[in-house]
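In mature numbering (1 follows the signal peptide of the UniProt record, and there is no 0), the protein residues as written are -24 to -1, 1 to 208.
Even for Gly, the Cβ is constructed at its ideal location relative to N, Cα and C.
Here the structure comes first, spelled out in structure tokens, and everything after it is commentary.
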């Protein structure tokens, strides 16, 4: 029994060593970005190969995120060459050791009126001539494709013992430091139990159960930068 446990530990340690070396070898320069709108409709992403071997990297499998940030969120594959929404070029990179290369994301929708969220998969793949099992790591780059004309509109309401934040605009809101503070105070605050940052996408909403004697405080970091206090 002792020998079996020792053997398992050795195998586990060996896999961890391999995983850490491979998992840190290839990575994109960013995992979240904005595209289109007031910015360019194309955006380069640099892929780094930090290993001592040639890396083969596949970039593609673009999915559109429907109803993002809600319980009904789902992903739809949009790699349709007839009606491209987001183009990635090139799809395959061969990156020399300790070097880097770029892929370019292009928003193909010229008349976009509402922001859309996409994921683009960055995957290290096995060399064509190499056989056997290899360990690799995948990244997903979150892309926010923005409308040409931005119309932000965040509405706050009281609803059945909750504070409702509803996005009636056409671009997402990114909020951080969401917390409850005693009325008239900014220091005596209670952090939310699960997390204190949220994205509220167009035509979606977020409910916060009210706390008696407290106001809801948060900082808007996108599309603008503002501090908000909503009376509880």
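Could you compute how far the alpha carbon of residue 159 sits from the alpha carbon of residue 43?
33 angstroms
Straight-line gap, residue 59 to residue 6 (C-alpha atoms, nearest Å)
26 angstroms
Helix, strand or coil at residue 63 according to DSSP, with G and I counted as helix:
DSSP places residue 63 in strand when its eight states are reduced to three.
To the nearest angstrom, how far is it from the Cα of residue -3 to the Cα of residue 138?
Residue placement at residue -3 is flagged as unreliable, the pLDDT there being 41, under the threshold of 50; the coordinate-derived value follows with that caveat. Distance between the alpha carbons of residue -3 and residue 138 is about 47 angstroms.
What does the Cβ neighbour count give for residue 25, buried or exposed, with the cut at 16 atoms within 10 Å?
Residue 25 counts as buried, since no fewer than 16 other beta carbons sit within 10 angstroms of its beta carbon.
Beta-carbon separation (whole angstroms), residue 9 vs residue 119, contact threshold 8 angstroms
Contact holds; Cβ gap of about 6 angstroms.
Evaluate contact between the segment 137 to 156 and the segment 32 to 41, counting only Cβ atoms and requiring at least three cross-stretch pairs below 8 angstroms.
no
What does DSSP give as the partner residues of residue 133 in its beta bridges?
140
Assuming residue 176 contacts residue 182 under a Cβ cut-off of 8 angstroms, what Cβ separation, rounded to an integer in Å, is found between them?
So it is a contact: roughly 5 angstroms between Cβ atoms.
With contact counted as at least three CB pairs below 8 angstroms, one residue from each stretch, are the segment 74 to 91 and the segment 114 to 134 in contact?
yes
Residues bridged to residue 41 by DSSP?
51 and 93
Can you grab the Cα-Cα spacing for the pair residue 54 / residue 76, in whole Å?
If I take the Cα positions, the gap works out to 27 angstroms.
On a Cα-Cα basis, can you pick out the residue from 102, 81, 104 and 101 that is closest to residue 94?
81
Where residue 56 and residue 46 are concerned, what is the direct C-alpha to C-alpha distance, given to the nearest angstrom?
26 angstroms
Could you tell me the alpha carbon to alpha carbon distance between residue 195 and residue 15, rounded to whole angstroms?
In a straight line, the C-alpha of residue 195 is about 24 angstroms away from that of residue 15.
Please determine whether the Cβ atom of residue 11 lies at a distance below 7 angstroms from any heavy atom of the ligand FMN.
Questions concerning the ligand FMN fall outside what the structure shown contains, since it holds no ligand whatsoever.
Span of the beta strand (DSSP E), counted from its first residue to its last, around residue 182:
Unbroken beta strand (DSSP E) run through residue 182: 181 to 185.
Excluding five sequence neighbours on each side, which residues of the same chain lie with their C-beta closer than 6 angstroms to the C-beta of residue 103?
32
Once DSSP output is grouped into helix, strand and coil, what is the label at residue 16?
coil
Report the three-state DSSP secondary structure of residue 150 (helix, strand or coil).
strand
Can you find the residues in the same chain that come closer than 7 angstroms, C-beta to C-beta, to residue 189, ignoring five residues on each side of it along the sequence?
158 and 159
Who are residue 102's beta bridge partners in DSSP?
DSSP, once it has assigned bridges, lists no residue as partnering residue 102.
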